[in-house]
Each structure stands twice: as C-alpha cells, then as structure tokens.
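Using my numbering, the letters of the sequence shown correspond one by one to residues 1390 to 1753.
By construction, the Cβ of each residue, glycine as well, lies at the ideal position given by its N, Cα and C atoms.
Because the structure is a prediction, the values reported are computed rather than measured.
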Amino acid sequence: MTEASLPTPLAGPADQPLSTADIVALTVTYGRRIALIRLCVQSLEALGIPRLVIVGNGVDAAYKLELEALKTTANLAITIVHLDKNVGAGAGFTAAIRHARAELGDRYLWLLDDDNCPRPGALEALRHAAKQCDPLHSLIAFTSLRGERFPLWLNAAKTGQGEGVFYRKSSISSLDVRRIPEFVLKRLRSSPPSLPLMTEVDSSPEAQGVDIPGGPYGGFFIHSRHIDVIGYPDERFVLYFDDLEWTNRVRRHGGHVVLVPGCVVDDAEGDWAAGDAQPTGRSRFFMIDLLRSENPKRLYYSIRNNIYFKSRYWSDGWVITAANVTMFVTLALGLGLVLRRPRNAWTMVSAAFDGVTGRLGGSL
C-alpha cells in the first residue's frame, strides 16, 4: 500500500503517541504449554508491556498451578481466567476481551497465541503505524507479521498487495474453476513454487503498512472501544476461520486492517497443520492431504468454516461459489474412492453441505 493510500484518522490527532501503559496483551492457552507461554511472557517483559490476561481453556489442575506460579515470577501483571472446558480459540479470546474491558477499561488489545513472541522492534513499529493512521479515533486495527509460517501475509508485506491473503474470492482454499489450467500447470512443475522469505521483506519499524482484509488472532492489535462496532468472535466456528471472519468485520464496517511489517511476531511452536488436519509429508494436491487426515473433527471444521466464510463474506457471487463447491464435493467423492478413504470423503461432503447451509456449532 502506498503512502497516499494509507487510512487516515477520522478524528483526533494523527500523531498521538501510543503509550505502552495503554496496552494489554491477551492470550489463550490449553493442554500443558507452560514452556511456550513463558517465552511469550519473556518477550512481553522485554517490550515493557505492563499487563497480560491469560485464559486457561479447560486446562487441568497441574497446569493451573503452573500458571499461578508464573504470576509470582513475571515482571508484568498477569490475570488468569479459567474456563471449565476447551471451547475453542474464539470463545477463549472472547473471555479474555470481556475481562480486559470489564476490569481495565479502554485499552489497546494485543491478541497473541500462547507461543507468540514479539520481537524487540515490534512496539516501535506499532507506534510508527499509529502516527500515520490513528487507531484510537478511527476504526483501524493492526496485525503483525508472522513470518514464513503465514506465507500469504509475508507475500503481502513483500509486494504491498494485501487482497491475496484470503486467496481468490469464492475459492475453496486454492481450488477455483476459473484457474484450473493454472492449477494443473503448477502441480506438474518439477519443483513447487518458491515461497517468500523473511529476508526478502523490509521489517524495519518504519516499513510501509499494507491494507489487508484480515488476519489471525495472533498479532491482532485493536482498541477496545472498537469492539462495540465489530463485536466478539463467533464461537460457533469452534475451530478455524473464526479469526479471519472476526478481523474481517473491521473492513466490513468501513474500517481498515493494516499489516505492520515491522511488528514481527515469532511462533515458538511449529506449523499448525502438522498432525492436525493434514498429515506430515504433504502431497502436491491439498485434496489428497485432506483425505489422508487422521483428525476428523479438524478436517470437518476446516472445510465447513472455509466454505461458510467464503460463500458469505469473500465471494464473487453464488454462481462461482456453487461451481467451486460442486467441484470440491466431486473431487472428494472420487478421490475418496480411489484412495479408499470413504469416511473422510463423507466428512468433507458433510462439511461442505453444512458450510453452504450455514449450520455452525459443535465442540472439540
């Protein structure tokens, strides 16, 4: 995004400084991840962030004790909110946001995954971005650069073109009837196309921001007063795409989500897909990876929510969306028979139907 196209404030001084004292970090944890969340806390301490709200998403008694012990050793104020069971990231962040607003009043909210570690220059980059487009008085949110784990956002930072972070409109992941020849040619290449690298991106604090349609929870930065406009995450998603749907509401309400390349947030843990919806060692075709999945719930939610979101909020119209869903279902059934994965094929078909008809909800 060029300098001229950066969103400008609707009210208030554009150069109003962003104070560290006005920031509260929010994270959601589950399982037993104390080593990772310690790294997150250490990175926040290094930046001087004064407050952190941790939501324990159905954690056991042993992990609760470890989190309580962390409060006594950390150099920032930690509040812990416990939920009785794991209700998903959307519900977890909703609990964190509600607590922060009720107990701390108006603050900038910096959402982080429990393994996220902002780099030393991250806060300086946010301050620089806030001088250009006032996120207090305007409906403007920032999102952090998550490195090579999120290649589409990394490519947006490299090229200055942000629309591609959600793939093509009406597509089912990368599946699109309008791009079949291109899709086939890419899969026939002797080597997969190269992905952008962090070394190719200007991640200095002054790096130019890029207007994007939305992003993940981890690294999202917004003032709490704007929650009255966009609302809270939709807990009915359970897993996947709830973050994109929620952050995209900023744009749907006439605001901007700005990717700040200098605000780099590292992930202490590896790729989310390993061992989840997709198996280790991926093929050249994502449909085969989905059919080989060993986690039916994650498989179902990833497809259902993808189709639900694309058909309603990121669509080029029902004709193209219906054609892509039909192609997806046909491939799922056909490849399911070839690969002898009928159960996963039926899960994918059921997920597609529920996504189209808007049947959300479920549990982990």
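(1) Could you compute how far the alpha carbon of leucine 1728 sits from the alpha carbon of arginine 1516?
(2) With distances taken from CA atoms, which of Arg1701, Cys1652 and Tyr1702 is nearest arginine 1535?
(3) Would you kindly report the start and end of the unbroken beta strand (DSSP E) that includes isoleucine 1601?
(4) Once DSSP output is grouped into helix, strand and coil, what is the label at glycine 1751?
(5) Return the chain-ordered ranges of every alpha helix (DSSP H) run that is complete within the segment 1523–1601 and spans a minimum of 4 residues.
(6) Is it true that the segment 1507–1515 meets the segment 1612–1628, where meeting means three or more beta-carbon pairs spaced less than 8 Å apart?
(7) Which residue's Cα is closest to the Cα of tyrosine 1497: Trp1635, Ala1451 and Leu1407?
(8) If you measure between the beta carbons of alanine 1546 and valine 1599, is that distance less than 8 Å?
(9) In the structure shown, what three-state DSSP assignment does isoleucine 1611 receive?
(10) Histidine 1488 by DSSP, collapsed to three states: which one?
(11) Answer yes if the segment 1562–1575 comes into contact with the segment 1583–1594, meaning at least three C-beta pairs across the two stretches below 8 Å, and no otherwise.
(12) Based on Cα-Cα distance, which residue from Thr1710, Leu1680, Ile1611 and Asp1655 lies nearest to arginine 1490?
(13) Roughly how many whole angstroms lie between the Cα atoms of cysteine 1522 and isoleucine 1529?
(14) Skipping 5 residues on each side, what residues in its chain have a beta carbon closer than 7 Å to that of arginine 1693?
(15) Entirely within the segment 1491–1521 and at least 4 residues each: give me those alpha helix (DSSP H) ranges in chain order.
(16) Does the beta-carbon distance from alanine 1472 to alanine 1485 come in below 8 Å?
(17) Using CA coordinates, which residue listed in Arg1681, Gly1747 and Ala1721 is at the minimum distance from glutamate 1697?
(18) Beta-carbon within less than 6 Å of aspartate 1632's beta-carbon, same chain only, minus the 5 sequence neighbours each way: which residues are those?
(19) Taking the C-alpha atoms as reference points, what is the distance between isoleucine 1423 and phenylalanine 1482?
(20) Looking at the unbroken beta strand (DSSP E) that takes in aspartate 1655, where does it start and where does it end?
(21) DSSP has alanine 1414 in a bridge; who is on the other side?
(22) Name the two residues that bound the continuous beta strand (DSSP E) containing leucine 1472.
(23) Once the 5 residues before and after valine 1442 are set aside, which same chain residues still bring their CB inside 6 Å of it?
(24) Relative to the C-alpha of threonine 1719, which candidate in Gly1706, Val1708, Ser1704 and Val1738 has its C-alpha closest?
(25) Tell me the rounded alpha-carbon separation between tryptophan 1661 and lysine 1699.
(26) Measuring straight from C-alpha to C-alpha, what distance separates tryptophan 1635 and glycine 1603?
(27) Bridge partners of asparagine 1446, per DSSP?
(28) Rounded to whole angstroms, what is the Cα-Cα separation between valine 1590 and leucine 1753?
(29) Taking the straight line between their C-alpha atoms, what separation do you get for glycine 1670 and asparagine 1464?
(30) Mapping DSSP to helix, strand and coil, what is alanine 1403?
(31) Go through its chain and collect everything with a Cβ distance to tryptophan 1735's Cβ below 8 Å, but skip five positions before and after it.
(32) Sort Ser1704, Asp1655 and His1645 by Cα distance to serine 1432 and report the nearest one.
(33) Taking DSSP as the reference, what is the three-state secondary structure of arginine 1421?
(34) For alanine 1721, is the classification buried or exposed, using 16 other Cβ atoms within 10 angstroms of its Cβ as the cut-off for buried?
(35) With distance defined between alpha-carbon atoms, name the residue in Asp1678, Val1647, Tyr1629 and Ser1704 nearest to alanine 1480.
In terms of the structure at hand:
(1) 52 Å
(2) Cys1652
(3) 1599–1601
(4) In this structure, glycine 1751 counts as coil in the three-state DSSP scheme.
(5) 1540–1548 and 1569–1577
(6) no
(7) Leu1407
(8) yes
(9) strand
(10) helix
(11) no
(12) Of Thr1710, Leu1680, Ile1611 and Asp1655, the residue nearest in Cα terms is Ile1611.
(13) 8 Å
(14) Ala1740, Asp1743 and Gly1744
(15) 1511–1521
(16) The amino acid at residue 1472 is misidentified as alanine; the sequence shows leucine. For leucine 1472 and alanine 1485, no; Cβs fall outside 8 Å.
(17) As written in the sequence, residue 1697 is tyrosine, which differs from the glutamate given in the question. Comparing Cα-Cα distances from tyrosine 1697 to each of Arg1681, Gly1747 and Ala1721, the minimum goes to Gly1747.
(18) Pro1605 and Tyr1606
(19) The alpha-carbon atoms of isoleucine 1423 and phenylalanine 1482 are separated by roughly 18 Å.
(20) 1645–1656
(21) Leu1441 and Trp1499
(22) 1466–1472
(23) So the list reads Leu1415, Thr1468, Ala1485, His1488 and Ala1489, once near-sequence residues are dropped.
(24) Threonine 1719 has its Cα closest to that of Val1738, out of Gly1706, Val1708, Ser1704 and Val1738.
(25) Any reading at tryptophan 1661 needs caution, since the residue's pLDDT is 39, under 50, leaving its predicted position unreliable; the model's value is listed next. Going by the C-alpha atoms only, they are around 21 Å apart.
(26) 8 Å
(27) DSSP, once it has assigned bridges, lists Leu1472 as partnering asparagine 1446.
(28) 37 Å
(29) Residue confidence is low: glycine 1670 scores 47 on pLDDT, short of 50, so the model does not pin down where it sits. Its coordinate-derived value is still stated next. Looking at the two C-alpha atoms, the distance is approximately 41 Å.
(30) Here alanine 1403 scores only 48 on pLDDT, less than 50, and its place in the model is too uncertain to base an answer on.
(31) Gly1725
(32) Nearest C-alpha to serine 1432: Asp1655.
(33) coil
(34) buried
(35) Ranked by Cα distance from alanine 1480, the options Asp1678, Val1647, Tyr1629 and Ser1704 are led by Tyr1629.
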